[in-house]
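Participant: First, the structure itself, so that you have it in front of you.
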Amino acid sequence: MREVAIVAFGQSDHVRDSAETSEVEMLMPVLHDVLAQTGLAARDIGFTCSGSSDYLAGRAFSFTMALDGVGAWPPISESHVEMDGAWALYEAWVKLLTGEAETALVYAYGKSSPGDVREVLTRQLDPYYVAPLWPDSVALAALQAQALIDAELTDERELAGIAARSRADAETNPHAQLRGAVPAGEHLVAPLRTSDCPPIGDGAAAVVLAAGDTARRLTDRPAWIRGLDHRIEAHSLGVRDLTDSPSTRLAAERAGAFERPVDTAELHAPFTSQEVVLRRALKLDAPDCTVRINPSGGALAAHPVMAAGLIRLGEAAARIQSGASGRALAHATSGPCLQQNLVAVLEGE
Amino acid sequence: MSEVLTAPLVVEFPFTRSLGPVQSAFLTGLRERTVLGVTASDGRVVVPPTEYDPVTAEEIRELVEVGSHGTVTTWAWNPSPRRGQPLTTPFAWILVRLDGADTALLHALDAPGPDAVRTGMRVRVRWAAQRTGAITDIACFEPDDSPAGAHERAPHSGEFANAVTGITTPARLDYTYSPGRAQSRYIQALSDHKTIGERCPSCRKVYVPPRGACPTCGLATDTQVEVGPRGTVTTFCIVNIKAKNLDIEVPYVYAHIALDGADLALHARIGGIPYDRVRMGLRVEPVWTEHGRFPDHYRPTGEPDADYDSYKELI
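Here is the structure:
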């Protein structure tokens, strides 16, 4: 099988409100950053794929506006997923594996500030039985958190510790939105407090993928994608065991995550309680486990919806490229209570 | 340059959805104060019922009546109810496994406070006074003291008089739209009766209206250029259907207009000339109405028509 690597990663600073810039104005510096890292021009890219959501923008076909930022003339080979950019990366990875392209530009962006993201996300729920009740994203995560507490798999103290560790790690992440000591805050929806929830913000990210020798030509340190898989669980929350994430475990298994230990894990856990579920699913909870979890601060430090999952892959790749990691796991999620999960395993040369 | 513009944007739609046989039976049942589930391939009773097995994806149709009392499997206290949610006073979100069911249903529990709620507590349906065949026919749940398993499951035909076959669920999302820097500059200039485009630093083309990026080069268009006010009709169509809430007599002409100095045609209505005399190459100028923030329409200038070669690249 063809080798494919992440050869460049860039992201915007993530901010609470980016009203002064349109999506394409926010995205363009990030696209220029990753292209400059590789020395490629937009027209050199074999395949372009993006992830975003019309419901965040409040406009139909909103991604077509952002497409101006890549220079789509003369015509380019392009695709879009109405989902986190991690899934756009998956599509690009397949395109490279099949030999249809040598390089791919993957980007994702989301502005939560124009709307009310807790309400917007209700529109992805079952429209017959659930969406008419308008249960917001924090409420659904809180049901999962309580299930974990009832099962004695965590407690509010451990959740507060995850929040504190994430924001402390984000001190060294210049792009993070929330860093340092963050007060626990009131219960937004109990048992989740403000500090257990991700900041609401706007941001963008991009990566460049390349195959084989092209990757080696574009960078001295490709972050090779050794495996990549994504799985989904039942849409109906009451059918699932919310304390477990079998889709994450299966995706990790198919991506080869359990074949050899990883040293870094970038987990897309917007809520502290979801990190508990993911650590268990990915077997990162052993007492002697030395895996570095979310050195970037993770989604609790910056959560641009639609880009936060792609950023996990980018951050993991950046650790490989800098030599801080030899073998890293990256995870992305979408949907309520970790409904859909993607796992990638990255390695250096 | 003054600050970036913002405006309220409301996206609202009454989504109308058809129901399959199982969903139709379930929602009609709620109207009749009867809760139905469906038997999955492994024998479990799924409530609320799905039309396909959540594990095997097999089609499932065997309906079962379950109880309107149940047990909370997990919960979350909502101190600040939001628009559209089942209760306006603080309440608990719950997943509740109804007696006779093997899966849980999401709904709201009316309880005096979080101390009155726990996993494993017994609850019962509080029916809405007006029921139409929707999940909101369950107004909410309320605490209950009946013993667990008081209700046995029983087969049910799923047949009711006047079955509900579709639902309409209004959805509304509120946004504050901001068009970003380039489009704000464009809109603000329009209020001074000026049209500005922006030039690409690489290909030198002037885009109007500008969106901040050159779609050919993928670069920021950061140089403002005043264009027009006159321009040339590059192509047009004759509109024969009257749009709702639009007070323009049909037929009228909608045209692409290449403003002088612009490398992209914008579109606008043509007036001041019979619709059947509009033509490619017609020279036009904007007509502003009092307090208008953009030209109401464009009208002929009376100049000779533009030479085809002067605008053929902009069609």
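Same order as they appear, the protein sequences are chains A and C. Per UniProt numbering: the first sequence = residues 1 to 349. Per UniProt numbering: the second sequence = residues 1 to 315. Just so you know, even glycine gets a beta-carbon here, dropped at the ideal spot from N, CA and C. Here the structure is a predicted model, which means the values were calculated and not measured.
1. With distances taken from CA atoms, which of C:Pro304, C:Ala182, C:Asp305 is nearest Glu25 (chain A)?
2. Rank A:Asp155, A:Pro183, A:Glu119 by C-alpha distance to the C-alpha of Pro135 (chain A) and give the top, closest one.
3. I need the DSSP call for Pro286 (chain C), collapsed to helix, strand or coil.
4. Below 8 Å between beta carbons: does that hold for Glu27 (chain A) and Ala204 (chain A)?
5. Between the stretch 8-33 of chain A and chain C, which residues of the former have CB atoms less than 7 Å from a CB of the latter, in chain order?
6. What does the Cβ neighbour count give for Asp229 (chain A), buried or exposed, with the cut at 16 atoms within 10 Å?
7. Looking only at C-alpha atoms, which of A:Val208, A:Gln339, A:Thr219 sits nearest to Ala141 (chain A)?
8. Tell me the start and end of each unbroken alpha helix (DSSP H) in the UniProt domain "ChsH2 rubredoxin-like zinc ribbon" (188-218) of chain C that is at least 4 residues and wholly inside, in chain order.
9. Using Cβ-Cβ distances below 9 Å, what residues of the stretch 70-82 of chain C are close to chain D?
10. Please determine if the stretch 59-77 of chain C and the stretch 163-177 of chain C are in contact, where contact requires at least 3 C-beta pairs separated by less than 8 Å.
11. Grab me the residues of Val117 (chain C)'s own chain with a C-beta within less than 6 Å of its C-beta, minus the 5 sequence neighbours each way, in chain order.
12. For Ala7 (chain C), I'd like the list of residues in its chain whose CB is within less than 6 Å of its CB, leaving aside the five on either flank, ordered along the chain.
13. Can you tell me where the alpha helix (DSSP H) holding Phe63 (chain A) begins and where it ends?
14. Check the Cβ of Ala205 (chain A) against every Cβ in chain C and list those closer than 7 Å, keeping chain order.
15. Apply the 10 Å Cβ neighbour rule to Lys95 (chain A) and answer buried if 16 or more other Cβ atoms are within range, or exposed otherwise.
16. Answer yes or no: do Glu51 (chain C) and Gly20 (chain C) have a C-beta to C-beta separation smaller than 8 Å?
17. Specify the secondary structure class of His256 (chain C) as computed by DSSP and reduced to three states.
18. Would a check of beta-carbon distances place Pro336 (chain A) closer than 8 Å to chain C?
19. Does the distance from the C-beta atom of Leu313 (chain A) to that of Ala299 (chain A) stay below 8 Å?
20. Quick check: the Cα distance between Met1 (chain C) and Gly212 (chain C), rounded to an integer number of angstroms?
21. Under DSSP, the beta strand (DSSP E) around Arg17 (chain C) begins and ends at which residues?
22. Out of C:Leu36, C:Ala255, C:Pro81, which has the shortest C-alpha to C-alpha gap to Thr89 (chain C)?
23. Flag residue 436 (chain A) as yes if its beta-carbon sits less than 8 Å from any beta-carbon of chain C, otherwise no.
24. Can you list, in chain order, the residues of its chain whose CB lies under 7 Å from that of Asp123 (chain A), leaving out five sequence neighbours each side?
25. Relative to the C-alpha of Phe169 (chain A), which candidate in A:Arg59, A:Ala301, A:Asp220, A:Gly335 has its C-alpha closest?
26. From the DSSP secondary-structure annotation, give me the bridge partner or partners of Phe9 (chain A).
27. Secondary structure at Ala154 (chain C), three-state DSSP: helix, strand or coil?
28. Using the Cα positions of Ala164 (chain A) and Thr272 (chain A), report the straight-line distance between them to the nearest angstrom.
29. Taking C-beta to C-beta, are Gln177 (chain A) and Val15 (chain A) nearer than 8 Å?
30. Would Leu267 (chain A) and Ile232 (chain A) qualify as a contact pair, given that the criterion is a beta-carbon distance under 8 Å?
31. Please report the distance separating the alpha-carbon of Arg226 (chain A) from that of Asp285 (chain A).
Facilitator: The short version:
1. Minimum Cα distance to Glu25 (chain A) is reached at C:Ala182.
2. A:Glu119
3. strand
4. Position check: residue 27 (chain A) holds Leu in this sequence, whereas Glu was assumed. Yes, these two residues count as a Cβ contact at 8 Å.
5. Ala19, Glu20, Thr21, Ser22, Val24, Glu25, Met28, Leu31
6. buried
7. A:Gln339
8. With a minimum length of 4 residues, there is no unbroken run of alpha helix (DSSP H) contained wholly in the UniProt domain "ChsH2 rubredoxin-like zinc ribbon" (188-218) of chain C.
9. No chain D appears in this structure, whose protein chains are A and C.
10. Contact between the stretch 59-77 of chain C and the stretch 163-177 of chain C is not established, with fewer than three Cβ pairs separated by less than 8 Å.
11. Trp75, Ala92, Ala111
12. Tyr177
13. 63-66
14. The contacting residues do not exist; Ala205 (chain A) stays about 17 Å from chain C at best.
15. buried
16. yes
17. strand
18. No - not a single Cβ of chain C is within 8 Å of the one on Pro336 (chain A).
19. no
20. Any reading at Met1 (chain C) needs caution, since the residue's pLDDT is 45, under 50, leaving its predicted position unreliable; the model's value is listed next. In a straight line, the C-alpha of Met1 (chain C) is about 15 Å away from that of Gly212 (chain C).
21. 7-18
22. C:Pro81
23. What the structure shows of chain A is the stretch from 1 to 349, and residue 436 (chain A) is not part of that stretch, so it cannot be assessed.
24. The amino acid occupying residue 123 (chain A) in the given sequence is Arg; Asp does not appear at that position. Same-chain partners within the cutoff: Tyr55, Ala131.
25. The sequence shown places Asp at residue 169 (chain A), rather than the Phe named in the question. For the residues A:Arg59, A:Ala301, A:Asp220, A:Gly335, the minimum Cα distance to Asp169 (chain A) belongs to A:Ala301.
26. Paired residues: A:Val207.
27. DSSP places Ala154 (chain C) in strand when its eight states are reduced to three.
28. 10 Å
29. yes
30. no
31. 23 Å
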